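Notes follow the structure.
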Amino acid sequence: MYIPYPNWLNTGDNTWQIVAATLVGLMSLPGIAVLYGGLVQKKWVVNTMLMAFTGFGLVLIVWVLWAFNMSFGVPSHFGGSNAHSFLNNVIGHPVPAASHFGEQNQEVLPEGTLIPFHYNAATFIYFQVVFAAITPLLFLGSVLGRMKFKAWLLFVPLWITCVYTVNAFLLWGGGFFAQKGAVDYSGGYVIHLAAGVTGFVAAWVIGPRLERDRKHGVPNNLMMVAVGAGILWLGWNGFNGGDPFYAGTDATAAVLNTNLATAAAMMTWVLMDLFLTKQKKATFLGAINGMIVGLVAITPGAGWVNGYGALAEGFIASGIVWVSWYYLSKVRPFSKVDDALGVVYTHGIAGLTGGLLVGFFADPGMLEYIGTGKAAPGFSVNGLFYTGSWHQIWEQLIAATWVICFTAIVSFVLLQIIKVVVGLRESDENLEVGDLAIHNEEVEPKETFAERLGSGGFRELEPSGV
Amino acid sequence: MKLVVAVVKPFKLDDVKEALKTLGVHGLTVTEVQGFGRQRGHTEVYRGAEYEVEFVPKVRLEIVVDDDQVEEVTNAVVDTAGTGKIGDGKVWVLPVDDVIRVRTGERGHDAL
Numbered sequence: 001m002y003i004p005y006p007n008w009l010n011t012g013d014n015t016w017q018i019v020a021a022t023l024v025g026l027m028s029l030p031g032i033a034v035l036y037g038g039l040v041q042k043k044w045v046v047n048t049m050l051m052a053f054t055g056f057g058l059v060l061i062v063w064v065l066w067a068f069n070m071s072f073g074v075p076s077h078f079g080g081s082n083a084h085s086f087l088n089n090v091i092g093h094p095v096p097a098a099s100h101f102g103e104q105n106q107e108v109l110p111e112g113t114l115i116p117f118h119y120n121a122a123t124f125i126y127f128q129v130v131f132a133a134i135t136p137l138l139f140l141g142s143v144l145g146r147m148k149f150k151a152w153l154l155f156v157p158l159w160i161t162c163v164y165t166v167n168a169f170l171l172w173g174g175g176f177f178a179q180k181g182a183v184d185y186s187g188g189y190v191i192h193l194a195a196g197v198t199g200f201v202a203a204w205v206i207g208p209r210l211e212r213d214r215k216h217g218v219p220n221n222l223m224m225v226a227v228g229a230g231i232l233w234l235g236w237n238g239f240n241g242g243d244p245f246y247a248g249t250d251a252t253a254a255v256l257n258t259n260l261a262t263a264a265a266m267m268t269w270v271l272m273d274l275f276l277t278k279q280k281k282a283t284f285l286g287a288i289n290g291m292i293v294g295l296v297a298i299t300p301g302a303g304w305v306n307g308y309g310a311l312a313e314g315f316i317a318s319g320i321v322w323v324s325w326y327y328l329s330k331v332r333p334f335s336k337v338d339d340a341l342g343v344v345y346t347h348g349i350a351g352l353t354g355g356l357l358v359g360f361f362a363d364p365g366m367l368e369y370i371g372t373g374k375a376a377p378g379f380s381v382n383g384l385f386y387t388g389s390w391h392q393i394w395e396q397l398i399a400a401t402w403v404i405c406f407t408a409i410v411s412f413v414l415l416q417i418i419k420v421v422v423g424l425r426e427s428d429e430n431l432e433v434g435d436l437a438i439h440n441e442e443v444e445p446k447e448t449f450a451e452r453l454g455s456g457g458f459r460e461l462e463p464s465g466v
Numbered sequence: 467m468k469l470v471v472a473v474v475k476p477f478k479l480d481d482v483k484e485a486l487k488t489l490g491v492h493g494l495t496v497t498e499v500q501g502f503g504r505q506r507g508h509t510e511v512y513r514g515a516e517y518e519v520e521f522v523p524k525v526r527l528e529i530v531v532d533d534d535q536v537e538e539v540t541n542a543v544v545d546t547a548g549t550g551k552i553g554d555g556k557v558w559v560l561p562v563d564d565v566i567r568v569r570t571g572e573r574g575h576d577a578l
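Going line by line, the protein sequences match chains A and B. Numbering of the first sequence is given in this note's numbering, commencing with residue 1 and proceeding in unit increments. Numbering of the second sequence is given in this note's numbering, commencing with residue 467 and proceeding in unit increments.
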């Protein structure tokens with residue numbers, strides 16, 4: 001006799017978790033692919049989209065082969081006898097997670113699991129990989145339009161292996177900063193701050209787009225931008241709603257908070273454009289920027305702030321990033337680096353802001369997990385405005401400092417290695433032409449002018465007459 | 467025979483087309499073009515970056531007519547396409563050596 005699933009598996013939790021993961025996956029493909037595809041010039045659409053798709057695929061492969069367990073597995077020990085030292089809590093063993101038991105056993109994190117999960121490992125591995133996979137797609141926005149395609153194919157797996165896994169283990173895998181009490185609900189630091197920093201460093205090292213491309217750098221399809229942006233907004237319901245790892249009350253509270261912060265941030269940007277710019281007009285792309293800032297800023301704390309905190313975080317982060325976008329961008333070093341889509345602002349600064357604001361707005365009454373008695377109070381985070389304690393803010397600041405410095409330095413080193421192996425920029429001849437030179441494809445081929453080559457085959461088709 | 471080329475504002479195309487039909491002009495070719503003369507362009511803003519667009523969308527009409535129809539055709543274009551503002555466009559006239567109807571091979575006046 002067979003039974004369909006083991007008794008530790010809760011089908012509701014398993015369902016929501018894999019649905020949430022799918023929503024996050026959609027945010028990458030096609031979300032980011034068409035959002036960025038619509039923002040670039042026509043000559044760069046294919047290159048941009050292919051970097052998005054290949055980036056996603058490369059992360060999936062290295063994730064299962066070693067990167068998942070580096071991020072969430074058994075800790076490696078590098079630092080002597082103190083069990084809580086930094087070097088003993090920085091990274092997990094790089095072992096694969098693809099065996100039958102690696103996929104179907106109950107998921108348990110060796111370190112720092114607050115509650116055992118009520119689903120199997122494949123669910124958790126897949127949920128986590130879509131987060132890892134979107135991160136390079138975010139910093140793609142900084143380097144598009146000139147990064148050598150082969151260099152991208154090398155940089156993505158190396159970056160995941162050397163940078164993402166470390167930050168993830170430190171904050172989520174039960175590592176050093178998690179033990180200190182720093183928090184990152186869904187990846188404001190691990191994903192967005194890291195992507196912003198990496199994008200900025202890479203844009204600086206690789207060098208700018210051609211002057212002519214920067215001069216004529218208008219978006220080619222705002223409707224596609226809208227499609228991508230809509231998928232991002234609603235897909236984030238999975239991004240934040242999946243991170244309590246249970247289909248419980250905190251999951252849906254996080255979803256509601258996410259949407260509140262996003263709406264507040266979007267409207268803040270729209271109104272600031274309308275009243276504070278020289279042209280005094282609301283713009284669609286400004287609205288999308290605001291939307292992204294809100295989504296990013298709520299990410300470090302979606303299930304730990306209440307609705308008022310979410311609205312406040314959206315409003316504050318949007319204001320800060322709006323000012324950065326229009327004014328900080330004009331001063332060094334920002335003015336000297338061609339971060340093509342402004343990822344350092346909408347993901348870097350927004351993620352940093354959100355990660356610090358958690359320390360202010362986290363409401364201890366927002367329980368991620370419920371306490372079972374006096375000995376086990378529920379799990380929540382203590383923000384300054386509710387408890388008067390600066391402790392959380394301090395831990396958030398330290399963790400942010402690590403993420404920024406570590407990510408910048410290692411990204412820089414990886415890029416220098418790739419520069420020697422394969423080069424970082426496409427040739428100037430390729431940059432002038434774009435997609436056709438690099439991929440022999442264009443985004444809208446013209447049937448009138450394209451003639452099929454090749455002997456026989458497609459020409460010699462006769463109607464069969466039966 | 468002459469080739470009359472007219473560059474006019476896109477929203478005036480319908481009026482010009484109807485006026486030409488009234489005159490008995492049987493065919494014309496239209497393309498969408500960008501151009502400027504004295505008309506100034508405009509500014510577009512994407513993600514906070516300003517872009518100057520010097521060109522203005524126009525439509526270009528090409529009509530081949532008999533010599534004796536040139537004046538009434540150019541007058542029709544000028545009368546219907548004009549708004550009195552800068553950017554109304556221009557008309558110019560070129561000589562045509564020959565015209566051939568592709569379907570029948572007719573040449574010259576018979577091809578018009």
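Quick reminder that beta carbons are idealized off the backbone N, C-alpha and C, glycines included. Please read all numbers here as calculations on a predicted model, not as lab measurements.
Selected residue, minimal CA-CA separation from residue i, among the options
{"i": "A/Met267", "options": "A/Asn237, A/Ala254, A/Leu311 and A/Ala302", "result": "A/Leu311"}
{"i": "B/Pro523", "options": "B/Lys483, B/Gly503 and B/Val531", "result": "B/Gly503"}
{"i": "B/Ala547", "options": "B/Tyr512, B/Leu469, B/Phe521 and B/Lys475", "result": "B/Lys475"}
{"i": "A/Phe117", "options": "A/Pro208, A/Gly248, A/Asn167 and A/Thr165", "result": "A/Gly248"}
{"i": "A/Leu363", "options": "A/Leu138, A/Gly342, A/Asn306 and A/Ala408", "result": "In the sequence as presented, Leu is not what sits at residue 363 of chain A; that position holds Asp. It is A/Asn306 whose Cα lies nearest to the Cα of A/Asp363."}
{"i": "B/Leu527", "options": "B/Thr509, B/Tyr512 and B/Asp481", "result": "B/Asp481"}
{"i": "A/Asn82", "options": "A/Val293, A/Leu367 and A/Phe176", "result": "A/Phe176"}
{"i": "A/Thr15", "options": "A/Phe124, A/Val183, A/His77 and A/Val90", "result": "A/Phe124"}
{"i": "A/Val205", "options": "A/Asn69, A/Val143 and A/Gly235", "result": "A/Val143"}
{"i": "A/Ile438", "options": "A/Asp13, A/Ala151, A/Thr252 and A/Trp402", "result": "A/Ala151"}
{"i": "A/Met70", "options": "A/Ala132, A/Val24, A/Ala229 and A/Phe56", "result": "A/Ala132"}
{"i": "A/Gly35", "options": "A/Ile320, A/Ile292, A/Tyr308 and A/Gly55", "result": "Before going further, note that residue 35 of chain A is Leu rather than Gly in the sequence given. Here the closest residue by C-alpha is A/Ile292."}
{"i": "A/Gly38", "options": "A/Gln279, A/Val255 and A/Leu285", "result": "A/Leu285"}
{"i": "B/Trp558", "options": "B/Glu498, B/Phe477 and B/Val536", "result": "B/Val536"}
{"i": "A/Trp394", "options": "A/Gly378, A/Asp428 and A/Leu356", "result": "A/Leu356"}
{"i": "A/Glu111", "options": "A/Gly454, A/Thr283 and A/Trp172", "result": "A/Trp172"}
{"i": "A/Val323", "options": "A/Tyr308, A/Pro300 and A/Met272", "result": "A/Met272"}
{"i": "A/Cys405", "options": "A/Val201, A/Val270 and A/Asn440", "result": "A/Val201"}
{"i": "A/Val421", "options": "A/Phe155, A/Gly228 and A/Phe68", "result": "A/Phe155"}
{"i": "A/Tyr327", "options": "B/Gly514, B/Thr495 and B/Ile566", "result": "B/Gly514"}
{"i": "B/Asp532", "options": "B/Arg569, B/Val568, B/Val473 and B/Leu560", "result": "B/Leu560"}
{"i": "A/Gly319", "options": "A/Trp269, A/Gln392, A/Met366 and A/Leu453", "result": "A/Trp269"}
{"i": "A/Thr283", "options": "B/Val511, B/His575, B/Ile566 and B/Lys556", "result": "B/Val511"}
{"i": "A/Ala195", "options": "A/Leu341, A/Val19, A/Tyr386 and A/Val358", "result": "A/Leu341"}
Min CB distance residue i to chain A below 8 Å
{"i": "B/Val511", "result": "yes"}
Buried/exposed call for residue i, threshold 16 Cβ in 10 Å
{"i": "A/Thr48", "result": "buried"}
{"i": "B/Thr549", "result": "exposed"}
{"i": "A/Leu276", "result": "exposed"}
{"i": "B/Gly541", "result": "According to the sequence shown, residue 541 of chain B is Asn rather than Gly. Exposed."}
{"i": "A/Arg209", "result": "buried"}
{"i": "A/Ile417", "result": "exposed"}
{"i": "A/Ala98", "result": "exposed"}
Within-8 Å CB hit, residue i to chain B
{"i": "A/Gly342", "result": "yes"}
{"i": "A/Val218", "result": "yes"}
{"i": "A/Tyr369", "result": "no"}
{"i": "A/Gln41", "result": "no"}
Cross-chain neighbours of residue i in chain B, by beta carbon under 8 Å
{"i": "A/Asn289", "result": "Arg513"}
Per-residue contacts from residue i into chain B (C-beta, under 7 Å)
{"i": "A/Gln467", "result": "A question about residue 467 of chain A goes unanswered here, because the residues of chain A that appear run from 1 up to 466."}
Contact set between the region 511-525 of chain B and chain A, restricted to residues whose Cβ is under 7 Å from the partner: Val511, Tyr512, Arg513, Gly514 and Tyr517
Below 8 Å between beta carbons is the criterion; list the residues of the region 283-313 of chain A that meet it against any residue of chain B, in chain order. Thr283, Leu285, Gly286 and Asn289
For the region 319-334 of chain A, which residues have a CB atom closer than 7 Å to at least one CB atom of chain B, in sequence order? Trp325 and Tyr326
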